[in-house]
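Quick note on numbering: numbering that gives the first Met the number 0 labels position 285 of the sequence shown as 284, and the sequence is numbered without any gaps.
Ideal Cβ positions, reconstructed from N, Cα and C, are used throughout, including at glycine.
Model, not experiment: these values are computed from the prediction.
I have placed the structure first, in the form of structure tokens, so that the comments after it can refer back to it.
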Amino acid sequence: MKRRIKFGIIGCGVISDFHANAIKDIPNEAELVGVTDIVYDAAEKFSRRHGIKAYANLEEMLSSKEIDVVNICTPSGYHADVVIKAARAGKHIIVEKPMAINAEQLDAIEKTCSECKVIVSSISQNRFARSVMMTKKAIEDGMLGKIVCADIYMKYNRTQEYYDSGSWRGTKRIDGGGALMNQGIHGVDLLQYLVGPLKSVYAVSKTLVRKIEVEDTLSATVEFQSGAIGVIQATTSVFPGYPRRLEINGDKGSIALEETSIVRWDIDNSKYEDIVLQPAFTSSSSTPTAISTDGHTRQILDVIKAIKTKSKPFIDVKEGRKAVDIILAIYKSADEGRIVYLDE
């Protein structure tokens, strides 16, 4: 019988159950061993719910020889510190988005994990969706021709009660940002992954409705290195909240996705005969828990493959930081009121 890769979860927030269930979905490949949290009672409750061990603290988990991979599900501002400690303990790492919240943290993660020779994969589960892979292939095959416009709209609803549910939510120091950094990062990642690197950004950021210290609404005009232009728009203050919408328009065709469902496939002589247009059945537009574990499961399987074959995961540190670097440039533009170039 082949050896299963053993996992431990760090942090017991809302997203932790998705990681636990994703691991348990692949029992032939993975085993969930334990959990730890700064609040031990939370770890105990989580451990009883999933039938696993509750470690007393982070140090106990990282010193355990039983665990191969840790899934970091702490508040965003703590990601970097935990990633670095885990890497130095020789653990492979899956870390929730965003991988870190500033450039210094990103650089430290990249340096430490390279030195420690551990695998790090930042959660970007939407890249594993079949619709996203088909869209990527269509663009690479030139089916859309020259990309002219590419826009991502993330018009979500997060109530004041949501922000008040955790003292770190909506703070610059721990959340790293608002609607764009927390809720919008997956959309930014898909935009740059599908269309290519950005050249420049120009943004306006505001806090219009929610009582938080970071933005609840932001809009940015962006230019890609290819010459295409686009818009990144994110808010958590519209009612009732709508599925994320990504539109990519070329001179020979256009594709639109809502969440990970293809809703427009306007391409002459398409090579794909099995395109099914459908609405986004699952959306986190009004609640953060309305997501599927499928993407997490696929990404965990990719990390397991990388461990066993001693290769890079599909989303490594360099890939995982791309969306964060874009968001940081957008924040800089909004703060300074000017165009910011990504290579500054």
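Distances from the CA of PHE127 to each of ASP342, ASP293, GLU343 and ILE325 were compared; the closest alpha carbon is that of ASP293. Counting C-beta atoms within 10 angstroms of its own C-beta, LYS90 has 16 or more neighbours from the protein chains shown and is therefore classed as buried. The DSSP-derived three-state label of VAL119 is strand. If only uninterrupted beta strand (DSSP E) runs of at least 3 residues are considered, those enclosed by the segment 228 to 268 are 228 to 234, 244 to 249, 252 to 257 and 260 to 266.
The shortest C-alpha to C-alpha distance from LYS96 to any of VAL339, ASP250 and HIS185 is the one to HIS185. In terms of Cβ geometry, GLN159 and LYS321 do not form a close pair [threshold 7 Å]. Under DSSP, LEU217 takes part in a beta bridge, and its partners are SER204 and ALA233. With 16 or more other Cβ atoms from the protein chains shown falling within 10 Å of its own Cβ, ASN181 counts as buried. MET142 sits in coil when the DSSP states are folded into three classes, being neither helix nor strand.
When DSSP reads this structure, GLU222 sits in a beta bridge with SER199 and ILE228. Counting along the chain, the unbroken alpha helix (DSSP H) around ASN20 starts and ends at 15 to 23.
Annotated three-state conformation of GLY319 is helix, per DSSP. Under the 10 Å beta carbon count, GLN224 is surrounded by fewer than 16 other beta carbons and is classified as exposed. Going by C-alpha positions, SER253 is about 17 Å away from ARG129. If you draw a 10 Å sphere on the C-beta of ASP265, you find fewer than 16 other C-beta atoms in it, and that means exposed.
Looking from the CA of ASP267, the closest CA among ASP150, LYS84, LYS251 and ALA227 belongs to LYS251. Within the segment 11 to 89, complete beta strand (DSSP E) segments of at least 3 residues are found at 29 to 35 and 68 to 71, given in chain order.
Non-local beta-carbon contacts of ALA55 in its own chain, meaning distances under 8 Å to residues more than five positions away in sequence, involve THR35 and TYR39 in chain order.
Within its own chain, the residues whose Cβ lies closer than 6 Å to the Cβ of PRO196, once the five positions on either side in sequence are excluded, are GLN224, listed in chain order. Leaving aside the five residues that flank ILE122 on each side, the residues in its chain whose CB is nearer than 6 Å to its CB run, in chain order, GLU95 and LYS96.
Between ASP315 and the set GLY183, LEU143, VAL208 and ILE108, the nearest pair of CA atoms involves ILE108.
Sorting PHE6, CYS11, PHE17 and LYS205 by C-alpha distance to the C-alpha of SER291 places PHE17 at the top. The segment 145 to 156 makes no contact with the segment 198 to 215, as fewer than three CB pairs between them are under 8 Å. At the C-beta level, GLU65 and VAL117 stay beyond 7 Å of one another.
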